[in-house]
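Undergrad:
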Amino acid sequence: MAAAEDSTAPDTTAATDPVATDPAATDSAAPDSAAPDSTGSAGLSFPRLSARTQRFTLGEPRNVQVAGTGERVLFVRTASGTDRTGVLWSFECDSGAERVLADPAALLTGGEQLSAAERARRERSRESGAGVTSYQLDNAGTVAVFALSGSAWSCDLATGEVTELPRPAGVDAVMDPRVDPTGSRVGYLAGGSLRVAELAGGADRALAEPDADTITWGAAEFVAAEEMDRHHGFWWSPDGQRLLAQRTDEAPVPVWQLADPADPSATPVPHRYPVAGSTDAEVTLWLLDLDGRRTQVAWDTAAYPYLTRVSWTDAGAVIQLLSRDQRRGLIGRIDPDSGALSTLTELSDDVWIELAPGVPQLTDRGLLTLLDDAASDTRRLALDGRPLSPVGLQVRAVVRAGDDGILVRGNGSDPSAIGVYRIGWDTSAQQLTPESGVHAVSVGGDTVATSSADLDSDGITVSISRGGEPLGTLERRGIEAPLMPRPTLLRAGERRIPTAVLFPTGHRPGSERLPVLMAPYGGPHGQLVQQHRRMFLQAQFLADQGFCVIVADGRGTPGGGPAWEKSIRDAFAEVTLADQVAALEAVAGQYPDDIDPARVGILGWSYGGYLSALAVLDRPDVFNAAVAGAPVTEWRLYDTFYTERYLGHPGQQPQVYDANSLLPLASRPLAPGVAEPELLILHGMVDDNVVVAHTLQLSSALLAAGRRHAVIPLTGVTHMTPQEIVAENLLRLQVDFLRRALAVDA
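Going by the numbering used here, the letters in the sequence shown line up with residues 593 to 1338, in that order.
Printed below as a string of structure tokens:
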């Protein structure tokens, strides 16, 4: 389950921030005060302002990349803090000036048009922006390509000339254009086909076309995009003369019908969904030469059905494959002439094999991977299986490998501080960013773009340097949140659970015992407790409504080491809920005069929604009220790759699925003296990830048991919603519900 960026509301912004994901729509203690900006948003309530600004991220630089050897730095930024249309910009390192490269307002004569396939792709990547949302560069940094309104566009970075690539007859919409490393041609997807267009002359041809309605070429399948963090399905060779392309046949995947009950005249949309225990799409990989030659890269797809990673560097092309249970795998090297796959290393893990950005990667010094070192409980960078990074540094991603070492992102003993480190080929290690805060980098030549956030500053600052000398920072045009989060970060309980505690603005210690509101995500891949102020805007708003808010990242969340992350195997319900209770008890012990443990609520979205509903159903003695947004209630209804990774195959471990399902809990009788908790469930009616059947089945079970609950159906809403009125009023409804349920004074 791709982690929703917010614990309490539908996802409304892209998950592409290089530093961290952001929380949801925010408000203040005075919901109707005016917003301090000049973008036409004055007088808006804070929930509306947060929705309009996509959580105060609009107008901020994003997708920052140093081009080529460092002459310029590219980025996407909207015109203001309320404009949703992304514009491609360049920071010119010689002059220190910014210039517009591609502005959709100047390029399009009409409004932007998105195909259904493009909307689905954006849903998988949690992208709700408009205009230029992403781009891709050649190796020399001379050409950028991007998709806009169904066409592929190229930009000459030296001259700034932007060209729309002609769409051949029969091509309605272009997706995922990717320039080859030499900057000569562009590959793109169109209607299930993989096509290539020459930048000089515009010649266009199909390299691979589907021979059935269920076949696509060059596109990542559902579970790859949703769960593997792999959003592409084709990869250029370094010389630009051939590609590796994924062929996907979805015929074996079960067909579900997505209908919008609010529009009974609309025809249900067939949606192939690989539900746990069912059959996945058949994925194969092919070498496609520009001259038309086609060669399959053969492996035992029955033993290794999942293609999880593909990398093609000057040192060679490698792929990573996983078994269905994700406990066995191999990394193989592809012969670019014959397509033969030779095994470089076999993988095994008793729990699961973890995936990470940037690896595996073949270099001229050997194969870079990450390994889970059980002896030191450290996820370490390894070269040909030999650890390079030190014990205690939890490596999260490989950024770049060069002669001077490997740049990685990771954290030490404190998961809330995420930094950039250089790991030497000689096993030396150097932290390149401050010890506090959350940081990321892009590097080209001796030019470095560093994105940084901390608890003392608003948003993200992108600093550019060359040769160690500062050149400037990228302009920020966003609206500063009119709210100052004041989290106290601590390690709660015996397990030292990363936890943030927030009180209402102006709260005097010992002056009042406040009701508690837990606001977790709490599941795999989702980390909320970070040294990043914007992560706590939502939590501070909730605190200002009269709560002590506790945000706890229990076991299973990133950064705590392999044992911490893998302790949730087969035990979602038991482990993740126990850690929320442990964090609550620890905070109550630390602030006995400030919180009332007899009034406890919890709210969350996606996995956080599951955890919230679980809390009031399994521990009504602790939790008095819950808001569960888009909850997974029955794991037999969620997808193969995610669910079986953590709970195994439902046909082999039905008891595990029963133990982690919410449905059996609906009829569990309350213990004597325990009051029935309040439960509010929210769900998008056209959610294609956590389908609304989850909520409907839980509601039916609760109704059959006579249990009190309420359901708010969100018409026309998927797993995320960009509608600002919906986001505003949804947040208000949640707050009103929790204030009533927990008896918060007006």
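We put the CB at the ideal spot given by N, CA and C, even for glycine.
#1: Smallest Cα separation from Ala795: which of Leu947, Pro760, Trp828 and Gly688?
#2: Classify Leu636: buried if its beta carbon has 16 or more other beta carbons within 10 angstroms, exposed otherwise.
#3: With distance defined between alpha-carbon atoms, name the residue in Val1303, Arg920, Asp1280 and Val1278 nearest to Gln1289.
#4: At what residues does the alpha helix (DSSP H) containing Val1248 begin and finish?
#5: Kindly give me the distance between the Cβ atoms of Pro696 and Arg834, rounded to whole angstroms, as I take these residues to be in contact under 8 Å.
#6: Rounded to whole angstroms, what's the CA-CA distance from Ala782 to Ser682? Just pull it up for me.
#7: Taking only the alpha-carbon atoms, compute the straight-line gap between Ser1055 and Ser1049 and give it to the nearest angstrom.
#8: Please report the distance separating the alpha-carbon of Asp872 from that of Asp821.
#9: Taking DSSP as the reference, what is the three-state secondary structure of Pro1265?
#10: Can you tell me where the alpha helix (DSSP H) with Gly1408 in it begins and where it stops?
#11: Whole angstroms is fine: what's the gap from His1099's alpha carbon to Phe638's?
#12: The beta strand (DSSP E) with Pro1154 in it runs from where to where?
#13: Inspect the beta-carbon positions of Arg1191 and Val1167 and report whether they are closer than 8 Å.
#14: In angstroms with no decimal places, state the Cα-to-Cα distance between Val1093 and Gly1181.
#15: Can you give me the C-alpha to C-alpha distance between Asp624 and Arg640, rounded to a whole angstrom?
#16: Just mark Thr1225 as buried or exposed, buried being the case when its beta carbon has 16 or more other beta carbons within 10 Å.
#17: With distance defined between alpha-carbon atoms, name the residue in Gly1051, Met1076 and Pro1077 nearest to Leu1066.
#18: Excluding the 5 residues flanking Val1327 on each side, which residues of the same chain have their C-beta closer than 6 Å to its C-beta?
#19: Spell out a yes or no on whether the segment 934-945 and the segment 1144-1164 are touching, meaning 3 or more CB-CB pairs, one atom from each, closer than 8 Å.
#20: Excluding the five sequence neighbours on either side, which residues of its own chain have a C-beta within less than 6 Å of the C-beta of Thr806, listed in chain order?
#21: Three-state secondary structure (DSSP) at Tyr1238?
#22: As a quick exercise: from Gln1023, Pro1261 and Asp768, pick the residue whose alpha carbon is nearest that of Ala1297.
#23: Mind checking whether Val910 and Arg886 have CB atoms under 8 Å apart?
#24: Does the distance from the CB of Pro952 to the CB of Leu963 come in under 8 Å?
#25: Assuming Leu939 and Leu922 make a contact with CB atoms under 8 Å, what is their CB distance in whole Å?
#26: Between the segment 1110-1122 and the segment 1198-1208, do three or more beta carbon pairs fall short of 8 Å?
#27: Would you kindly report the start and end of the unbroken alpha helix (DSSP H) that includes His1275?
#28: Starting from Gln1289 and walking both ways along the alpha helix (DSSP H), at which residues does that stretch end?
#29: Any contact of the segment 1240-1247 with the segment 1274-1282, i.e. 3+ C-beta pairs under 8 Å?
#30: For Gly869, which option in Asp1231, Glu1268, Val1336 and Asp1337 has the closest C-alpha, if you only look at C-alpha atoms?
#31: Could you spell out where the alpha helix (DSSP H) holding Pro696 opens and where it closes?
#32: Suppose you measure from the CA of Ser1005 to the CA of Thr970; what does that come to, to the nearest Å?
#33: Are Arg1078 and Gln1123 close, meaning C-beta to C-beta below 8 Å?
#34: Grab me the residues of Gly1029's own chain with a C-beta within less than 7 Å of its C-beta, minus the 5 sequence neighbours each way, in chain order.
#35: Excluding sequence positions up to five away, which residues of its chain have a Cβ less than 6 Å from the Cβ of Glu1270?
#36: Quick one, are the C-beta atoms of Ala1258 and Arg1299 less than 8 Å apart?
TA: So, from the data block:
#1: The residue labelled residue 795 in the question sits at position 203 within the sequence shown. Residue Pro760 is the option with its Cα nearest to Ala795.
#2: As a working mapping, residue 636 is identified with position 44 in the sequence shown. The residue in question, Leu636, is buried, as its Cβ has 16 or more Cβ neighbours within 10 Å.
#3: For this step, residue 1289 is matched to residue 697 along the sequence shown. Of Val1303, Arg920, Asp1280 and Val1278, the residue nearest in Cα terms is Val1303.
#4: As a working note, residue 1248 is residue 656 in the sequence shown. Run containing Val1248: Pro1246 to Asn1252, per the alpha helix (DSSP H) assignment.
#5: Taking the sequence shown and counting its residues from 1, the one referred to as residue 696 is at position 104. Taking the sequence shown and counting its residues from 1, the one referred to as residue 834 is at position 242. So it is not a contact: roughly 33 Å between Cβ atoms.
#6: Sequence index remark: in the sequence shown, residue 782 carries index 190 (1-based). Sequence index remark: in the sequence shown, residue 682 carries index 90 (1-based). Cα to Cα, Ala782 sits roughly 29 Å from Ser682.
#7: As a position in the sequence shown, residue 1055 is number 463, starting the count at 1. As a position in the sequence shown, residue 1049 is number 457, starting the count at 1. Rounded to whole angstroms, Ser1055 to Ser1049 spans 14 Å at the Cα level.
#8: Locating residue 872 in the sequence shown gives position 280, where the first residue counts as 1. Locating residue 821 in the sequence shown gives position 229, where the first residue counts as 1. Each residue's Cα considered, the two are about 17 Å apart.
#9: The residue given as residue 1265 occupies position 673 in the sequence shown. First, the residue type needs correcting, since residue 1265 is Gly and not Pro in the sequence shown. Residue state, collapsed to three classes: coil.
#10: Past the edges of the chain, shown from 593 to 1338, lies residue 1408, and the structure says nothing about it.
#11: To locate residue 1099, count along the sequence shown from 1; it is residue 507. To locate residue 638, count along the sequence shown from 1; it is residue 46. Each residue's alpha carbon lies about 20 Å from the other.
#12: Numbered from its first residue, the sequence shown carries residue 1154 at position 562. Looking at the DSSP string, Pro1154 is not in any beta strand (DSSP E); the run it does join, the alpha helix (DSSP H), is Pro1154 to Lys1158.
#13: Position 599 of the sequence shown, counted from the first residue, corresponds to residue 1191. Position 575 of the sequence shown, counted from the first residue, corresponds to residue 1167. Taking 8 Å as the Cβ cut-off, Arg1191 and Val1167 do not qualify as a contacting pair.
#14: For this step, residue 1093 is matched to residue 501 along the sequence shown. For this step, residue 1181 is matched to residue 589 along the sequence shown. Using only the alpha carbons, I get a separation of about 13 Å.
#15: On the sequence shown, residue 624 is found 32 positions in, with the first residue counted as 1. On the sequence shown, residue 640 is found 48 positions in, with the first residue counted as 1. Residue placement at Asp624 is flagged as unreliable, the pLDDT there being 31, under the threshold of 50; the coordinate-derived value follows with that caveat. Each residue's Cα considered, the two are about 10 Å apart.
#16: What you label residue 1225 is simply residue 633 of the sequence shown in a count that begins at 1. Buried, because 16 or more other Cβ atoms sit within 10 Å of the Cβ of Thr1225.
#17: Start at 1 with the first residue of the sequence shown, and residue 1066 comes out as number 474. Closest option to Leu1066, Cα to Cα, is Gly1051.
#18: Reading the sequence shown from its first residue, position 735 is the one you call residue 1327. Within the same chain, Val1327 has close Cβ partners Gln1137.
#19: yes
#20: Residue numbering aside, residue 806 sits at position 214 when the sequence shown is read from its first letter. If we look at Thr806 and ignore the five residues flanking it on each side, its Cβ neighbours are Asp841, Glu842 and Ala843.
#21: Numbered from its first residue, the sequence shown carries residue 1238 at position 646. Helix, per DSSP.
#22: Position 705 of the sequence shown, counted from the first residue, corresponds to residue 1297. Per the Cα distances, Pro1261.
#23: The residue you call residue 910 lines up with position 318 of the sequence shown. The residue you call residue 886 lines up with position 294 of the sequence shown. No. Outside cutoff.
#24: For this step, residue 952 is matched to residue 360 along the sequence shown. For this step, residue 963 is matched to residue 371 along the sequence shown. Against a cut-off of 8 Å, the Cβ pair of Leu963 and Pro952 comes out as no contact.
#25: Translated into positions along the sequence shown, residue 939 becomes position 347. Translated into positions along the sequence shown, residue 922 becomes position 330. The Cβ separation is near 6 Å, so the contact holds.
#26: yes
#27: Indexing the sequence shown from 1 puts residue 1275 at position 683. Counting along the chain, His1275 falls outside any alpha helix (DSSP H), though it belongs to the beta strand (DSSP E) covering Glu1270 to Gly1276.
#28: On the sequence shown, residue 1289 is found 697 positions in, with the first residue counted as 1. Segment Ala1285 to Ala1296, the alpha helix (DSSP H) holding Gln1289.
#29: no
#30: Residue 869 sits at position 277 when you count from the first residue of the sequence shown. With distances taken between Cα atoms, Gly869 lies closest to Asp1231.
#31: The residue given as residue 696 occupies position 104 in the sequence shown. Note, Pro696: alpha helix (DSSP H), Pro696 to Leu699.
#32: Taking the sequence shown and counting its residues from 1, one reaches residue 1005 at position 413. Taking the sequence shown and counting its residues from 1, one reaches residue 970 at position 378. Whole-angstrom Cα-Cα distance: 10 Å.
#33: If you number the sequence shown from 1, residue 1078 lands on position 486. If you number the sequence shown from 1, residue 1123 lands on position 531. In this structure, Gln1123 does not lie closer than 8 Å to Arg1078 by Cβ.
#34: Residue numbering aside, residue 1029 sits at position 437 when the sequence shown is read from its first letter. The answer, listed in chain order, is Ala1009, Ser1044, Ala1045, Asp1046 and Gln1123.
#35: The sequence position of residue 1270 within the sequence shown is 678, counting from 1. Taken in chain order, the residues that qualify are Ala1217 and Ala1333.
#36: Within the sequence shown, numbered from 1, the residue matching residue 1258 stands at position 666. Within the sequence shown, numbered from 1, the residue matching residue 1299 stands at position 707. Contact flag set, yes.
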